[in-house]
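Letter 111 of the sequence shown, counting from 1, is numbered 111 in my numbering, and no numbers are missing. By construction, the Cβ of each residue, glycine as well, lies at the ideal position given by its N, Cα and C atoms. Please read these numbers as outputs of a predicted model, since none were measured by experiment. Encoded as C-alpha cells, the structure appears first; notes follow it.
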Amino acid sequence: MSQDQPQRPESEQPLKYGDCFNVKGELADQPIAPQDAAMMQSAEAMVFGKNQKGGPASVMQAAAAKNERSGHVSHDATTQLAGDEGITVAETKLPGRRIITESVAGQVLGQYVEPLPVTAAAATGGDVEEAPITIGEALAATALTAGEKPVEQSDAAAIQAAEARATGSSVVTPGGLAATAQSAASANEGLAQDVDKIKLNDGAAAKLPADKAATRQDAQGVMEAELRNNPTLTAYPGGVAASVAAAARLNEESS
Numbered sequence: 001m002s003q004d005q006p007q008r009p010e011s012e013q014p015l016k017y018g019d020c021f022n023v024k025g026e027l028a029d030q031p032i033a034p035q036d037a038a039m040m041q042s043a044e045a046m047v048f049g050k051n052q053k054g055g056p057a058s059v060m061q062a063a064a065a066k067n068e069r070s071g072h073v074s075h076d077a078t079t080q081l082a083g084d085e086g087i088t089v090a091e092t093k094l095p096g097r098r099i100i101t102e103s104v105a106g107q108v109l110g111q112y113v114e115p116l117p118v119t120a121a122a123a124t125g126g127d128v129e130e131a132p133i134t135i136g137e138a139l140a141a142t143a144l145t146a147g148e149k150p151v152e153q154s155d156a157a158a159i160q161a162a163e164a165r166a167t168g169s170s171v172v173t174p175g176g177l178a179a180t181a182q183s184a185a186s187a188n189e190g191l192a193q194d195v196d197k198i199k200l201n202d203g204a205a206a207k208l209p210a211d212k213a214a215t216r217q218d219a220q221g222v223m224e225a226e227l228r229n230n231p232t233l234t235a236y237p238g239g240v241a242a243s244v245a246a247a248a249r250l251n252e253e254s255s
C-alpha cells in the first residue's frame, strides 16, 4: 500500500523579496537566502558601524531564517541575482548630511537621510547648524541612488513638478533638469533595450535655476506627478518622488 508523501501547507511558502520590499521583476519572485542576508549585514555594518534595527539587513535575516527552517533554502544559499549583481549599501554625502541607500541587484530596499556629526559636517564643508535639504539636493541624490534607471515619463513629470516648486514658476527652463528629462523620456520611448536608453544620471549635470527647502507639500506634489504618469500608479523606490519625500521628512524632523 502506497503512502502519500507529506506536503507543506499551501500557506508555508518561502518569503520572497517582493513580500518584504517594494521591488519588482525577477528579484521580487526570489526567496530571500541566508547568504544574501549575511552580505547585507556585513555591508550595513561597514557603513553604519552596526546593523540598523528594523532595517533591510534585519528584515532579510528574519526572512532567510524562516526560509531555512522551512527547508526552502539551505544555509549556504545565495540568490543568483544577489550573487551576480551584488548587494550594496551606498553612502552619498551632501553638506551637513548623508544619504544611505541599501540595494540588492540594483533595486532599492531602503533609504535613509541622516545628519552628519558636527565634526564630519565641518570636514565636508557642511553647516554646523543643520541646513534644510533643498529640492535640488534631493534631485542630485536621486541621480546617485537611482541613476541607472532609464528615464520614463513618470520621472520627467516628477522632475518637472520638482523644478516648478523649487523655482516658483511653471515655465520649463530650456536646457534645465525638466527639459532634459522630458527629452530623455521621449527618446527612450522609441528604444527597446534598457542598455540603449538615457539614464537618470545622464542629466545630473543640469542645474535648477533656483532652489528651496523641500516641504511636505512639495513632496506630495512631486509624488502625485510621478504616480499620474506611471501606468502602474506606483513610485519608483529611491526615485525622484521618494528622494523629495525623504528630504521633506528630515526637514520636518529637524525643524
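Proximity of residue i and residue j at Cβ, strictly below 8 Å
| i | j | result |
| --- | --- | --- |
| residue 135 | residue 214 | yes |
| residue 251 | residue 133 | yes |
| residue 38 | residue 89 | no |
| residue 64 | residue 34 | yes |
| residue 91 | residue 106 | no |
| residue 56 | residue 114 | no |
| residue 187 | residue 152 | no |
| residue 194 | residue 231 | no |
| residue 108 | residue 162 | no |
| residue 241 | residue 111 | no |
| residue 201 | residue 148 | yes |
Residue i versus residue j - alpha carbon distance
| i | j | result |
| --- | --- | --- |
| residue 138 | residue 160 | 14 Å |
| residue 179 | residue 203 | 10 Å |
| residue 24 | residue 169 | 35 Å |
| residue 82 | residue 36 | 7 Å |
| residue 32 | residue 67 | 7 Å |
| residue 131 | residue 142 | 19 Å |
| residue 246 | residue 172 | 24 Å |
| residue 80 | residue 211 | 42 Å |
| residue 183 | residue 76 | 46 Å |
| residue 156 | residue 198 | 12 Å |
| residue 48 | residue 97 | 14 Å |
| residue 154 | residue 224 | 10 Å |
| residue 40 | residue 29 | 19 Å |
| residue 53 | residue 164 | 37 Å |
| residue 78 | residue 191 | 33 Å |
| residue 50 | residue 58 | 11 Å |
Where residue i falls: helix, strand or coil (DSSP)
| i | result |
| --- | --- |
| residue 126 | Residue confidence is low: residue 126 scores 49 on pLDDT, short of 50, so the model does not pin down where it sits. No coordinate-derived value is stated. |
| residue 14 | coil |
| residue 242 | helix |
| residue 28 | helix |
| residue 213 | strand |
| residue 287 | The structure shown does not extend to residue 287, since the chain is modelled only from 1 through 255, so no value can be given for it. |
| residue 237 | coil |
| residue 222 | helix |
Whole-angstrom C-beta distance between residue j and residue i, which should lie under 8 Å
| i | j | result |
| --- | --- | --- |
| residue 208 | residue 176 | 7 Å |
| residue 104 | residue 27 | 7 Å |
| residue 330 | residue 146 | What is shown of the chain runs 1 to 255, which leaves residue 330 out entirely. |
| residue 257 | residue 216 | Because the chain here runs from 1 to 255, residue 257 falls outside it and cannot be looked at. |
| residue 226 | residue 158 | 4 Å |
Chain C within 8 Å of residue i, Cβ atoms only
| i | result |
| --- | --- |
| residue 60 | You won't find chain C in this structure, because it holds only one protein chain. |
Contact test: residue i Cβ vs the ligand COA heavy atom, cutoff 7 Å
| i | result |
| --- | --- |
| residue 41 | Among the ligands in the structure shown, none appear at all, so the ligand COA cannot be discussed. |
Runs of alpha helix (DSSP H) wholly within the stretch 132-176 (minimum 4 residues, chain order): 135-145, 153-167
Residue ranges of each alpha helix (DSSP H) within the stretch 40-122, 4 or longer: 56-69, 80-85
Which whole runs of the alpha helix (DSSP H) in the stretch 178-210 are 4 residues long or more, in chain order? Uninterrupted alpha helix (DSSP H) stretches at least 4 residues long and entirely within the stretch 178-210 do not occur.
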